[in-house]
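All remarks here apply to the structure that follows.
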Amino acid sequence: MNVPSISSYVMKQILPVLSGWLMSCLVLSAKPDPNDFLKSYCTDCHGTKKQKADRRFDMLPDRITNLEHLMVYQEIVDQLNLGNMPPEGKPQPSIKERSLMVAHLTRRLATARAELQTSEGHSELRRLNSWEYQHTIGDLLGLNVAIWNPAENFPAEVNIDGFDNNGAGLITSGRLMDHYFIAAEEAIRRATQFGNRPSSRKYRQQSPFYFSGQDSKDLPKLFKVDRFRFIPEAPFTDLYGRHYRGGHIGFLPLLHEGGV
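Mapping of the sequence shown onto my numbering: residues 858 to 1117, in sequence order.
Here is the structure:
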């Protein structure tokens, strides 16, 4: 019986494992080509002959060097993630192709944002992030944005070095613009009310500072009996202080949504 040498035994055991590992490395290192992908699935509608929605993808550079190209690539990633493009009836990439392209372009966008952080002394053309937009709408229209957040359904912000308000990452994509229009319509609906102006009424109260009985029938809840009481240090010849039954001065919070 021939006894195999140790070296041949090791080679037989190691070679299959090594070849499998090398093949997996080749697969992982293979990068999808955005130009080939766009040519196969996008440039029929966004190329030389047609520029639907004023978009043209056949002249995009491999390297992103400005905000305009960054916005175009971001929009491509958004549409691929949503599955809106390519449209029905057109050749479709496989799930694997789509996933690989989204991952590749996402890495490319992250690299470009990092490179564009330095603006050579010029201010970045940036938008408000979601938090800033939420509170700006609240301040402008008098809305309670703690109850209704206009930016609730916006795409997640891109964090750069742990911050979500870096100008290089605040790109306005087509998907975000759609959310802007929806939020604006809802904000206007909540902030406006059409109809007759409520009649104004004036109230004058002398001490003690509360109403009771028939006098309090039509008053706002703020002035109802037992809401406020004065504790005078002398008879009611002068007003010295007031105190809420809970032990502090305060008014009933405004619970309406607000508006102008």
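From the three backbone atoms N, C-alpha and C, an ideal C-beta is built for every residue, glycine too.
Judged by DSSP in its simplified three-state form, F1020 adopts strand.
The residues D915, in chain order, have a CB closer than 7 angstroms to that of T905 in the same chain once the five nearest residues on each side in sequence are set aside.
Here L917 carries a coil assignment [DSSP, helix/strand/coil]. Unbroken alpha helix (DSSP H) runs of no fewer than 4 residues, entirely contained in the stretch 904-963, are found at 924-939, following chain order. Secondary structure of L985 (DSSP, three-state): coil.
Only buried fits I933, as 16 or more other CB atoms lie within 10 angstroms of its CB. In the same chain as R913, and ignoring 5 residues on each side of it, the C-beta atoms closer than 7 angstroms to its own belong to H903, G904, in chain order. By alpha-carbon distance to L937, the top candidate from H926, L895, E972, P1007 is L895. Taken through DSSP and simplified to helix, strand or coil, L1027 comes out as coil. Taking C-beta atoms as the reference points, P891 and L924 fail to come closer than 9 angstroms. Counting only residues of its own chain and dropping the five nearest sequence neighbours on each side, F1038 has no CB closer than 6 angstroms to any other CB.
Apart from the 5 residues on each side of it in sequence, C899 sits with its Cβ closer than 6 angstroms to the Cβ of F914 in its chain, given in chain order. Exposure of P1055 is indicated by the presence of fewer than 16 other C-beta atoms within 10 angstroms of its C-beta.
Our two residues, M1034 and S1057, have alpha carbons roughly 41 angstroms apart in a direct line. Nearest Cα to E1043 within the set G1019, W1005, I952, L1027: W1005. Comparing alpha carbon positions, the residue from R964, F1051, I1045, P943 closest to L998 is I1045. If you look at F894, you'll find it in the alpha helix (DSSP H) that goes 891-898. Cβ-Cβ distances below 8 angstroms link M958 to P889, P891, F894, L937, P950 in the same chain, with the five nearest sequence neighbours on each side left out; the list follows chain order. Taking 9 angstroms as the cut-off, the Cβ atoms of Q974 and I1028 do not count as close.
Counting of Cβ neighbours within 10 angstroms places A969 among the buried residues, the total reaching 16 or more. The alpha-carbon of R1047 is positioned some 29 angstroms away from that of D935. About 5 angstroms separates the CB atoms of A1008 and Q991; that is less than 8 angstroms, so the two are in contact.
Between the alpha carbons of L1000 and T1049 lies a distance of about 10 angstroms. Cβ neighbours of H1036 within its own chain (closer than 7 angstroms, five residues either side excluded): N1010, F1011.
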